[in-house]
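Remarks on the structure that follows.
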Amino acid sequence: MENSFLERDVKQVVENALTSLSQEELTILKMIIKEKCEAIIKRRSLYESLLEETYNNKSNAEEVIRKNPLDQRMNNNCDIQVICRVRPFSDNEIKNKIEPAELKFSDDKRIIYVYAEGLNMQVMTSSYEFERVFDGSADQEEIYSELSPLVQSAISGQNICIFTYGSSGSGKTYTMEGDAYSPEKKGIIPRVIDEIYDKIEDYKELGWSFVVHVQYIKIYNETIQDLLIDEDKTTNTCNNHERSYGDRKKPCKIMYNEDTRMTVIENAQRCNISQKKDMENLVHKILACKSKSSTTKPSSHSVLILHLEGVNPLENMSSRSALSLIDLACPENTNKSSGFAQITEAQIINRQVFYLRNAIQQTNRANYCDTTLTSLLKYSLDGAAKVCMIVNVSPLADSVNETKRSLNFGRIVRNMKAGMA
1 MENSFLERDV KQVVENALTS LSQEELTILK MIIKEKCEAI IKRRSLYESL LEETYNNKSN
61 AEEVIRKNPL DQRMNNNCDI QVICRVRPFS DNEIKNKIEP AELKFSDDKR IIYVYAEGLN
121 MQVMTSSYEF ERVFDGSADQ EEIYSELSPL VQSAISGQNI CIFTYGSSGS GKTYTMEGDA
181 YSPEKKGIIP RVIDEIYDKI EDYKELGWSF VVHVQYIKIY NETIQDLLID EDKTTNTCNN
241 HERSYGDRKK PCKIMYNEDT RMTVIENAQR CNISQKKDME NLVHKILACK SKSSTTKPSS
301 HSVLILHLEG VNPLENMSSR SALSLIDLAC PENTNKSSGF AQITEAQIIN RQVFYLRNAI
361 QQTNRANYCD TTLTSLLKYS LDGAAKVCMI VNVSPLADSV NETKRSLNFG RIVRNMKAGM
421 A
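Residue numbering for the sequence shown follows full-length UniProt numbering, starting at 1 and increasing by one per position.
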């Protein structure tokens, strides 16, 4: 009874207020109400679409499992997932009619078959199963479509690690970097940047604000070198951006934050970049300098880390994550004609890959301090991150042995679960 009297009183007050307004004031009021309603509908629609796309780590909202086989397994115990990509033939290889390797693929694009001569000239068949196998016809966008769900997970507060692996000439750097100036040929790094900043704009409608810091390093002969500092160590690539952290006079070293379970590269520059265009320009500049650098070699691992920090004051929520994009150095074979420096580099890389494999296989018992690479990947291998490995292989017949070695390593990685002993 009391509620009905209250409703009647409120209704009477509203009616009295409306009758006292002029026609012009009523029109303005209706426009304001219409705009507010449209804004509420837009915000609700965006919120519902984001809920369909991802789960909220902080509120334990129900996760929607996509049909993507990679994403389905990624949401099951945070496995390390493996994708295989066979690079296309170059124009020069087609022109010179270079002999192709005999590779075949299953109808569901999950298995690659490698045919090669074994003992007594018999053709031996080896098969390798992964989450997805791409033949030489796959373009950069198709590759990235398999990885896109991981970017959403990073925004939601999940640590992510994506790395490419393969022998020299397998196309792994093209997969990771591509041509940043070409919409069709740009690789994983520029596409990740595009998606992160686009999603940050979407989340603003829900009351979220994000800060993005970037670090870009390379590991060469167990030493960390900052790619945000020019070779002469006098120019800071971050200078034109909002803030940077790091002491260029001190060597970079890897530290761990046990509370957040994240890796920190101490003394490496850490740029705070708020605009997508600024981040794109920075990455373009780095990649251009990297390609011209006298010290950037296939024997160095390059690592781009995007640190994401989000806060939503309205919901009293926050998120923190790191998205690492790693182009691993090529494991190489050496021969008698190889120089001393080349042999030394190859030995170091093979040692790093050996300990990486051990860390993946042993996880809880692994000594992550064995190499700089495993130290960097500690929280990616012990279950604290979602990890995706892209095995890149050559389509050439004379590379079939390297192809099988890469696929064998991918098989080992796929059969292990991050964080499991």
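Just so you know, even glycine gets a beta-carbon here, dropped at the ideal spot from N, CA and C. Quantities reported herein were computed from a predicted structural model and do not represent experimental measurements.
Work out the CA separation of residue j and residue i for me, nearest whole Å.
i           : j    : result
residue 423 : Y113 : The first residue shown for the chain is 1 and the last is 421, placing residue 423 beyond what the model contains.
V151        : L323 : 8 Å
N408        : E38  : 56 Å
D259        : A384 : 12 Å
M279        : D226 : 17 Å
R414        : P190 : 26 Å
Q140        : A180 : 11 Å
P183        : F210 : 26 Å
A359        : I155 : 27 Å
E93         : G169 : 12 Å
P100        : F134 : 16 Å
D91         : K97  : 10 Å
D382        : F354 : 17 Å
W208        : L376 : 30 Å
I200        : S274 : 10 Å
A138        : K34  : 47 Å
R261        : S380 : 10 Å
residue 425 : I254 : The structure shown does not extend to residue 425, since the chain is modelled only from 1 through 421, so no value can be given for it.
S145        : I80  : 18 Å
residue 423 : V303 : For residue 423 there is no data in the structure shown, the boundaries of the chain being 1 and 421.
Q342        : Q352 : 15 Å
E25         : M31  : 10 Å
H301        : S318 : 32 Å
residue 471 : S299 : Because the chain is modelled from 1 through 421, residue 471 falls outside the range shown and cannot be assessed.
I143        : D108 : 16 Å
M416        : N392 : 19 Å
L147        : G310 : 21 Å
Y128        : K95  : 30 Å
P313        : D370 : 42 Å
I188        : T27  : 51 Å
I40         : K285 : 41 Å
T372        : P149 : 29 Å
I'd like to check one pair, residue j with residue i: are the Cβ atoms closer than 8 Å?
i    : j    : result
Q269 : I219 : no
Y216 : K378 : no
P395 : F105 : no
L306 : V214 : yes
E177 : L287 : yes
P251 : N267 : yes
K276 : Y203 : no
N159 : E345 : no
T175 : I390 : yes
V212 : L308 : yes
R405 : G157 : no
Considering residue i, what are the terminal residues of the beta strand (DSSP E) in which it resides?
i    : result
M389 : 385 to 393
K104 : 102 to 105
K404 : Careful: K404 lies outside any beta strand (DSSP E), inside the alpha helix (DSSP H) at 400 to 414.
K218 : 209 to 220
E117 : 111 to 117
E129 : 123 to 129
Among the options, which one has its Cα closest to the Cα of residue i?
i    : options                : result
F130 : I83, C161, V151        : I83
E205 : I98, P190, E315        : E315
L328 : I41, V86, Y165         : Y165
I162 : K172, V387, G410       : V387
V86  : E35, I33, K172, A116   : K172
D398 : R132, K185, V303, A116 : A116
N281 : D194, E402, I98, I343  : D194
N401 : D108, E35, S126        : S126
I224 : K34, I41, D108, T374   : T374
V123 : Q352, K109, L103       : L103
R411 : I41, Q23, R110, K95    : R110
K186 : V283, P149, G157       : V283
T403 : C330, I40, D107, P149  : C330
Starting from residue i, trace the alpha helix (DSSP H) both ways and give me its first and last residue.
i    : result
S375 : 372 to 376
E201 : 188 to 204
D226 : Element bounds for D226: not the alpha helix (DSSP H) but the beta strand (DSSP E), 223 to 226.
I80  : Here I80 belongs to no alpha helix (DSSP H); instead the beta strand (DSSP E) covers 80 to 86.
K95  : 91 to 95
Length-filtered (4 minimum) alpha helix (DSSP H) runs lying within the segment 145 to 176
You should have 172 to 176.
In chain order, which alpha helix (DSSP H) runs of at least 4 residues are fully inside the segment 246 to 323?
DSSP runs (the alpha helix (DSSP H)) wholly in the segment 246 to 323: 276 to 292.
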